[in-house]
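Trainee: In this note's numbering, the protein residues as written are 8 to 290. Below you will find the structure I want to go over with you.
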Amino acid sequence: MTTPTVQAAIAHCRELARRHYENFPVASRLLPRPLQDPVAVIYAFARTADDFADEGDLSPAERLARLDAWIAALRQAEIPAADPILVATEAVINEHHLPREPFLDLLSAFSQDVNVRRYPDFAALHAYCRRSANPVGRLLLHLAGEASAANLADSDRICTALQLINFLQDLQQDYHEHGRIYLPQDELREAGVSERHFAEGLSDAAMQRLVERQIRRARIFLHAGAPLGQRLRGRFGLEIRLILQAAFTVLDRLSNHAGDVFRRPRLRQRDYAGILWRALIAR
Numbered sequence: 008m009t010t011p012t013v014q015a016a017i018a019h020c021r022e023l024a025r026r027h028y029e030n031f032p033v034a035s036r037l038l039p040r041p042l043q044d045p046v047a048v049i050y051a052f053a054r055t056a057d058d059f060a061d062e063g064d065l066s067p068a069e070r071l072a073r074l075d076a077w078i079a080a081l082r083q084a085e086i087p088a089a090d091p092i093l094v095a096t097e098a099v100i101n102e103h104h105l106p107r108e109p110f111l112d113l114l115s116a117f118s119q120d121v122n123v124r125r126y127p128d129f130a131a132l133h134a135y136c137r138r139s140a141n142p143v144g145r146l147l148l149h150l151a152g153e154a155s156a157a158n159l160a161d162s163d164r165i166c167t168a169l170q171l172i173n174f175l176q177d178l179q180q181d182y183h184e185h186g187r188i189y190l191p192q193d194e195l196r197e198a199g200v201s202e203r204h205f206a207e208g209l210s211d212a213a214m215q216r217l218v219e220r221q222i223r224r225a226r227i228f229l230h231a232g233a234p235l236g237q238r239l240r241g242r243f244g245l246e247i248r249l250i251l252q253a254a255f256t257v258l259d260r261l262s263n264h265a266g267d268v269f270r271r272p273r274l275r276q277r278d279y280a281g282i283l284w285r286a287l288i289a290r
C-alpha cells in the first residue's frame with residue numbers, strides 16, 4: 008500500500024472522530040481552529056489503539072503484537088507506510104512539538120486491558136487511569152501552550168473523573184463483552200457486592216451503595232480539577248467548562264438511576280443547551 012499524504016491521513020482521523028458518538032465533546036468546533044485537526048488525530052489514535060485491545064476476534068497475543076508495533080513505531084519515529092493514524096500522529100507530534108510519553112502511556116494502558124480484568128483497590132485503578140485517560144488532557148494542554156504544572160495537575164483530575172464516569176456507564180458492557188470490572192475489589196467486598204450483580208444486572212441496595220460511592224469519588228475529582236476551566240481563556244477554557252458540565256450532568260443521571268444502576272445515561276440535544284448555558288455563566 009502507498010503512504011497516505013499527511014493531509015489525507017489527517018482527514019481520515021477527522022472522519023473517524025466525527026463518526027464516533029461520545030457523551031463528551033470531541034474535536035468540538037468550539038476549539039480554536041488550529042487545534043481541531045490535532046485533537047481529532049489524538050482522538051483517532053486513542054480510539055483505534057483501544058479497539059486493538061477490545062474489538063474483533065484477535066487472540067490476546069495478536070492484540071499485544073499490534074500494540075507493541077505501535078509502541079515501537081512511536082519510540083523510533085519510524086511509521087508504517089500504510090497506517091494513516093500513525094502518519095497523522097507523527098506529523099502532529101513534530102509540528103506541535105508534543106511529548107511522546109502520553110501516547111506511549113495510552114498504549115501501555117490498552118496493553119494492560121488485554122490481560123488485567125480486576126483491580127484490587129482504588130490505588131491500582133487510579134494508576135490505570137493515569138495512563139488510560141490523563142495523557143489525553145496533557146496532550147491538549149501541550150497543543151494549546153498551556154502545559155503548566157498547575158494546569159497539568161487539574162487536567163489529570165478531570166480526566167481521571169471522566170474515566171471513572173465511563174466505567175460507571177459501561178458496567179455491564181465491560182463485564183459481558185470483555186470480562187472486566189473497573190471497580191475496586193475491596194470496595195465490592197465492603198459493600199457486599201459479588202460478580203453475580205454484574206452477571207445478572209442485579210441493582211439491589213448493596214450495588215446502589217457501591218455505585219454512589221464511585222459517583223461521589225468522581226465528583227470530588229471533577230470539583231478538584233474545575234479551576235482549570237477558570238484559568239484557561241477563550242474557546243479552550245469554554246471547552247473545558249463544557250466538558251465539566253457534561254460530566255456533572257452524566258453523574259446526576261447516574262445518581263437518579265430509578266433503581267437500575269446498569270442503565271446507561273445518554274445526553275440528548277436538549278441537555279446540551281443547559282450544559283452550554285452553565286458553562287458560559289461559570290466563567
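The beta-carbon is built from N, C-alpha and C at its ideal position, and this holds for glycine as well.
1) Have a look at H185, R107, P234, N173 and flag the residue whose alpha-carbon is nearest the alpha-carbon of L83.
2) Thinking just about the alpha-carbon of each residue, which of T12, F129, A72 is nearest to the one in L217?
3) Identify whether Y50 lies in helix, strand or coil by the three-state DSSP scheme.
4) Relative to the C-alpha of N141, which residue among H204, L229, R73 is closest?
5) Identify whether Y126 lies in helix, strand or coil by the three-state DSSP scheme.
6) Going by C-alpha distance, which of E219, D61, I227, A206 is nearest H264?
7) Taking the alpha-carbon of D193 as reference, which of A16, E246, L239, P127 has the nearest alpha-carbon?
8) Would you mind reading off the limits of the alpha helix (DSSP H) that contains I92?
9) Work out the CA separation of S210 and R54 for me, nearest whole Å.
10) Are the CB atoms of L42 and L150 nearer to each other than 8 Å?
11) Helix, strand or coil: which one does DSSP assign to P11?
12) Can you have a look at A72 and say buried or exposed, based on whether 16 or more other CB atoms are within 10 angstroms of its CB?
13) Considering only the alpha carbon of each residue, which of P45, A24, A154 lies closest to E102?
14) Quick check: the stretch 235-255 against the stretch 271-290, are at least 3 beta-carbon pairs closer than 8 Å?
15) Measure the CB-CB distance between H19 and P91 and report whether it falls below 8 Å.
16) Considering Cα atoms alone, identify which of D75, F174, G63, A16 is closest to Q221.
17) Grab me the residues of V121's own chain with a C-beta within less than 7 Å of its C-beta, minus the 5 sequence neighbours each way, in chain order.
18) For I188, count the other beta carbons within 10 Å of its own beta carbon; 16 or more makes it buried, fewer makes it exposed. Which is it?
Mentor: Based on what the coordinates show:
1) Looking at the sequence provided, one finds Gln at residue 83 rather than Leu. Among H185, R107, P234, N173, the Cα nearest to that of Q83 is on R107.
2) F129
3) In this structure, Y50 counts as helix in the three-state DSSP scheme.
4) L229
5) In the three-state reduction of the DSSP assignment, Y126 falls in the strand class.
6) Of the candidates E219, D61, I227, A206, the residue whose Cα lies closest to the Cα of H264 is E219.
7) P127
8) 91-103
9) 30 Å
10) yes
11) coil
12) Exposed is the call here.
13) P45
14) yes
15) yes
16) F174
17) A60, P67, R70, L71
18) With 16 or more Cβ atoms within 10 Å of its Cβ, I188 is classed as buried.
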